[in-house]
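**Student:** Please see the structure below; I have some questions.
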Amino acid sequence: MKALGITFVVVAILIGLIPAFNNCTYDGKSLTVTSPAMAMGAKTGGMGDKAKPMQDKTMGMLGKTTTAAATKKVDMKCFWTSRAALGVAFPLGLVGILLSFSLRKETQRALSIMGGSLSVVAFLLPTALIGVCAMDSSCKLVTRPALMLLGIVGLGLAVTGGVLSQRREEDVM
Amino acid sequence: MRLTRLAFRDLARNAFQSWIVFLCAMLVTGLALGTALVVNGAQDSLGLAVRRLGADIVVVPRGARTNVESALLMGTPAKVWMPQEKLDKIRHAKGVAQASPQLYLASLSNASCCSAPNMFMVAYDPKTDFTLQPWLEKNLGGGLKLGESVGGAFVFVPEGEQNIKLYNYLLTLKANLAPTGTNLDKSLFLTFDTAGDMARLSRVRAKKPLVIPPGKMSAVLVKVDEGAKANKVAATIIKEVPGVSPIVSPQMFGAFRSQMTALIRSMVMVLTLTLTLSLALIALVFSMMSHQRRREIGVLRALGATRGAVVKSLIAQAAILSICGGLVGIALSSVGIYLFRDYIVKSVGFPFLFPSLPTLVLLVAGGMAVALAAVITAAFVPAVHTSLLDPAVAMRE
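Chains as they are written, first to last, in my numbering: chain A, 750 to 922; chain B, 2 to 398.
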């Protein structure tokens with residue numbers, strides 16, 4: 750269980766760090782809305798028309814923020830995905846630490862279930878819950894596949910943890 | 002107690018050593034499969050791209066070979082032009098059965114008038130085309146009309162819209178071609194008439210007009226006569242048509258092939274180094290494990306276990322670890338390469354197509370064989386050495 754717990758911690762660190770350094774805001778890209786009318790999708794500045802295809806989708810999600818300000822920089826989807834990933838990484842790391850030190854089978858099983866659930870959330874962040882930018886940027890090329898892969902690895906670890914805690918209990922019985 | 006159960010118990014007791022062997026097996030298998038996947042994917046992709054072009058020879062303006070190859074493979078926009086008079090000369094060259102001109106165009110990169118920035122567009126002449134036209138007639142029951150287009154595998158109409166907008170010209174996407182792993186998957190194919198119409202209307206509709214110089218073309222696709230050798234026909238074209246470079250299809254994408262060869266060499270070197278180090282580490286770990294178990298093995302031998310049983314028990318441990326590590330390595334490597342394929346293409350600079358299921362199964366089997374062979378080979382010598390111990394001596398230690 751110690752090895753599983755340590756691996757969970759490593760996965761959590763990667764989930765937190767990779768998106769943080771591979772998003773459009775980190776790369777210096779963002780949308781600039783120059784007037785409320787423009788926020789409705791008519792015109793934009795900042796990145797210019799390059800961001801247009803993706804900007805329309807972002808606008809839908811961030812509608813309230815963009816219509817409220819006259820001139821405002823709006824972070825893109827991948828920035829929020831990286832923030833959410835950081836939110837997933839902390840509890841997942843904690844699950845890993847607790848798993849390393851837990852001795853009771855029930856606790857190990859519960860922690861494995863929690864780790865698995867958090868890994869599923871990490872997988873869903875760039876695919877279904879928030880998404881990433883449409884253009885070929887680091888968030889699409891690195892963050893998205895990395896979160897998906899780490900989500901799968903986390904789920905695999907959780908399943909292994911669950912099975913091991915079950916088997917050891919059987920052995921004791 | 003069964004042999005496998007004994008092996009599992011021993012592995013659980015020596016958790017640290019077991020983890021090291023597991024990780025080595027995972028690394029070797031993952032790396033071997035990863036290398037095979039990338040090499041195979043790149044070769045498949047280049048082969049498919051050549052087949053997709055469907056010509057025996059591609060004639061491009063002299064000095065534009067690299068530009069055209071980069072455009073077709075990696076989507077780097079190419080503005081290459083040659084006079085259309087050369088088409089007649091190429092057609093009349095000895096050994097040429099068919100010749101069809103093409104225009105290579107690109108959408109604007111920073112304009113709201115285009116659904117996709119810097120999209121590579123290939124305009125063809127439906128009257129003479131022998132690559133796309135037969136496919137269209139077979140699959141769509143006829144050629145493309147004005148305003149219609151066919152896209153590569155990854156071309157799609159933007160969400161909530163009916164057409165693809167390029168230069169503020171609305172194009173209907175009629176069908177998608179099978180994937181090749183190259184930029185052709187992100188390219189759009191349209192007729193000369195549609196390209197001309199788009200260029201004409203772009204002068205008033207788009208931010209910047211689409212420029213097609215009158216009387217010019219980008220490349221000519223050539224099909225040679227049956228029985229004629231493409232190399233000889235290419236040599237004839239060089240002689241008879243000045244200012245052009247004919248590229249024979251097997252030599253197509255030559256720059257990418259040499260780049261790929263260099264990459265394969267370095268990957269094989271890394272793989273060899275990893276394999277050697279892993280073998281040494283696994284052998285060391287197994288000799289440590291068997292040294293620690295000398296007493297236990299002595300007891301087993303005293304209780305009647307044969308030398309063969311002792312060797313089998315140690316080899317079973319090695320096999321279990323290599324299978325488990327190998328499976329995890331295979332899963333991580335194949336899923337990782339599948340998910341990171343776009344990043345790989347961008348980083349290494351050549352196209353990549355994830356292999357089909359039968360090829361993948363074959364490669365996975367190869368990866369597993371590498372893991373099993375590596376770990377069992379490394380464990381064999383310590384296992385035999387331990388089995389040769391005298392039980393009485395071993396128990397006294």
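Note that beta-carbon positions come from the ideal geometry of N, C-alpha and C, so glycine has one too.
1) On the CB-based measure, 16 or more other CB atoms within 10 Å of its CB, does B/Gly-142 come out buried or exposed?
2) What would DSSP say about B/Phe-9, mapped onto helix, strand or coil?
3) Going along the chain, which residues of its own chain have a beta-carbon closer than 6 Å to the beta-carbon of B/Gly-326, five neighbours each way excluded?
4) State the Cα-Cα distance for the pair B/Arg-204 and B/Val-212, rounded to the nearest angstrom.
5) Does the Cβ of B/Gln-163 have 16 or more other Cβ atoms within 10 Å, making it buried, or fewer, making it exposed?
6) In terms of residues, what are the limits of the beta strand (DSSP E) holding B/Thr-387?
7) Hey, could you find the ends of the beta strand (DSSP E) B/Pro-62 is sitting in?
8) Whole angstroms is fine: what's the gap from B/Pro-84's alpha carbon to B/Gln-260's?
9) Apart from the five residues on each side of it in sequence, which residues of its chain come closer than 8 Å, Cβ to Cβ, to B/Leu-322?
10) Helix, strand or coil for B/Val-81? Go by DSSP, reduced to three states.
11) Please list the terminal residues of the continuous beta strand (DSSP E) segment that includes B/Pro-214.
12) Which word fits B/Asp-45, buried or exposed, when buried means at least 16 other C-beta atoms lie within 10 angstroms of its C-beta?
13) Classify A/Gly-794 as helix, strand or coil using the three-state DSSP reduction.
14) For B/Ser-388, which residues in the same chain have their Cβ closer than 7 Å to its Cβ, ignoring the five residues on either side in sequence?
15) B/Gln-103 lies in the alpha helix (DSSP H); which residues open and close that run?
16) Looking at C-alpha atoms only, which residue of B/Leu-172, B/Tyr-105, B/Leu-38 and B/Asp-89 is the closest neighbour of B/Trp-438?
17) Return the CA-CA distance between B/Lys-80 and A/Ile-862, expressed in angstroms with no decimal places.
18) Name the one or two DSSP bridge partners that B/Glu-86 has.
19) The ligand COA and B/Asp-130: does the residue's C-beta get closer than 6 Å to at least one heavy atom of that ligand?
20) Thinking just about the alpha-carbon of each residue, which of B/Gln-293, B/Val-242 and B/Trp-136 is nearest to the one in B/Arg-14?
21) Which ranges does the alpha helix (DSSP H) cover as unbroken runs of at least 4 residues, wholly within the segment 210-289 of chain B, from first to last along the chain?
22) Grab me the residues of B/Ala-16's own chain with a C-beta within less than 8 Å of its C-beta, minus the 5 sequence neighbours each way, in chain order.
23) Determine, for B/Gly-152, whether the minimum Cβ-Cβ distance to residues of chain A falls below 7 Å.
24) Answer yes or no: does any C-beta atom of chain A fall closer than 7 Å to that of B/Tyr-170?
25) Short check: CB of B/Pro-425 to CB of B/Ile-58, under 7 Å?
26) Using 10 angstroms around the beta-carbon of B/Leu-278, count the other beta-carbons present and answer buried if the total reaches 16, otherwise exposed.
27) For B/Glu-149, list the residues DSSP reports as bridge partners.
28) Could you tell me whether the Cβ of B/Tyr-344 comes closer than 7 Å to any Cβ of chain A?
29) Looking at the C-beta of A/Ala-752, does it have a partner C-beta in chain B at a distance below 7 Å?
30) Output yes or no for whether 7 Å exceeds the beta carbon distance between A/Ala-833 and A/Leu-898.
31) In angstroms, rounded to a whole number, what distance separates the CA positions of B/Ala-50 and B/Gly-244?
32) Just the Cα atoms here: how many angstroms apart are A/Pro-923 and A/Leu-867?
33) By the three-class DSSP mapping on this structure, what secondary structure does B/Tyr-339 have?
34) What would DSSP say about A/Thr-756, mapped onto helix, strand or coil?
35) Anyone know if the C-beta pair for A/Gly-842 and A/Val-758 falls short of 7 Å?
36) For B/Val-346, I'd like the list of residues in its chain whose CB is within less than 7 Å of its CB, leaving aside the five on either flank, ordered along the chain.
**Tutor:** So, from the data block:
1) Under this definition B/Gly-142 is an exposed residue.
2) helix
3) Phe-23, Ala-26 and Met-27
4) 9 Å
5) exposed
6) Where B/Thr-387 is concerned, there is no enclosing beta strand (DSSP E), although the alpha helix (DSSP H) it sits in stretches over 358-388.
7) 58-62
8) Cα to Cα, the separation comes out at about 32 Å.
9) Leu-12, Ser-19, Val-22, Phe-23, Ala-26 and Val-376
10) coil
11) Element bounds for B/Pro-214: n/a, residue is neither H nor E.
12) buried
13) Confidence in A/Gly-794 is poor, its pLDDT being 40 and thus under 50, which makes the residue's placement too unreliable to answer from.
14) Arg-308, Val-311 and Val-312
15) First-last for B/Gln-103: 97-107, but that is the beta strand (DSSP E), not the alpha helix (DSSP H).
16) The structure shown does not extend to residue 438 of chain B, since chain B spans only 2 to 398, so no value can be given for it.
17) 57 Å
18) DSSP, once it has assigned bridges, lists no residue as partnering B/Glu-86.
19) Ligands in the displayed structure: none, and consequently the ligand COA is not present.
20) Answer by Cα proximity: B/Gln-293.
21) Taking 4 residues as the minimum length, the alpha helix (DSSP H) runs contained wholly in the segment 210-289 of chain B are 231-241, in order along the chain.
22) Taking C-beta separations shorter than 8 Å and ignoring five residues to either side along the sequence, B/Ala-16 has no partners in its chain.
23) Under the Cβ criterion of 7 Å, B/Gly-152 is not counted among the residues facing chain A.
24) no
25) Absent from the model: residue 425 of chain B. The displayed extent of chain B is 2 to 398, so no value can be given.
26) exposed
27) B/Thr-173
28) yes
29) Interface residue, yes.
30) no
31) 25 Å
32) For chain A, the structure presents residues 750 to 922; residue 923 of chain A sits outside this window and is missing.
33) helix
34) helix
35) Yes. Within cutoff.
36) Pro-352 and Phe-353
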